[in-house]
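Taking it in order: structure first as structure tokens, then the write-up.
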Amino acid sequence: MHEEIIKIKNKQDFLSFLNMFIKDFKNNKDSWGNSTVDTFLEGMESWIDDMEGYYINMNLPVPENIDWKVFADILYASKMYE
1 MHEEIIKIKN KQDFLSFLNM FIKDFKNNKD SWGNSTVDTF LEGMESWIDD MEGYYINMNL
61 PVPENIDWKV FADILYASKM YE
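What follows is the structure, given as structure tokens:
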């Protein structure tokens with residue numbers, strides 16, 4: 001799945017990845033360490049807190065200018081959007 005993340009350049013690419021991500025969860029739920037909404041969100045929180053270290057350790061550029069408000073809008077809207 002990591003190969004697909006590298007390919008993301010636009011909204012459609014992200015939607016394709018998200019679709020594959022959902023299918024992976026449905027088909028491989030037992031392999032997910034965070035298989036409930038609360039543990040998934042806690043994992044997300046922890047990773048975001050430590051994410052600079054991931055990029056540094058992988059010799060990748062640390063992302064800058066992330067629009068955190070849009071990401072928060074996506075999460076919040078997903079709470080009720082069908």
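Numbering (the numbering used here), first residue to last: 1 to 82. Think of the CB as a built atom: it goes at the ideal place given N, C-alpha and C, for glycine as much as any other residue.
Beta-carbon contacts of residue i that lie in its chain and below 6 Å, excluding the five residues immediately before and after
{"i": "Asp30", "result": "none"}
{"i": "Phe40", "result": "Asn34"}
Residue i and residue j closer than 8 Å at C-beta
{"i": "Phe21", "j": "Ile8", "result": "no"}
Close Cβ partners of residue i (< 7 Å) along its chain, the five nearest in sequence each way excluded
{"i": "Phe14", "result": "Ile8"}
Cβ shell of residue i (< 8 Å), same chain only, five flanking positions each side left out
{"i": "Pro61", "result": "Tyr55"}
Alpha helix (DSSP H) runs contained entirely in the stretch 22–82, provided each spans 4 or more residues: If only uninterrupted alpha helix (DSSP H) runs of at least 4 residues are considered, those enclosed by the stretch 22–82 are 37–57, 68–78.
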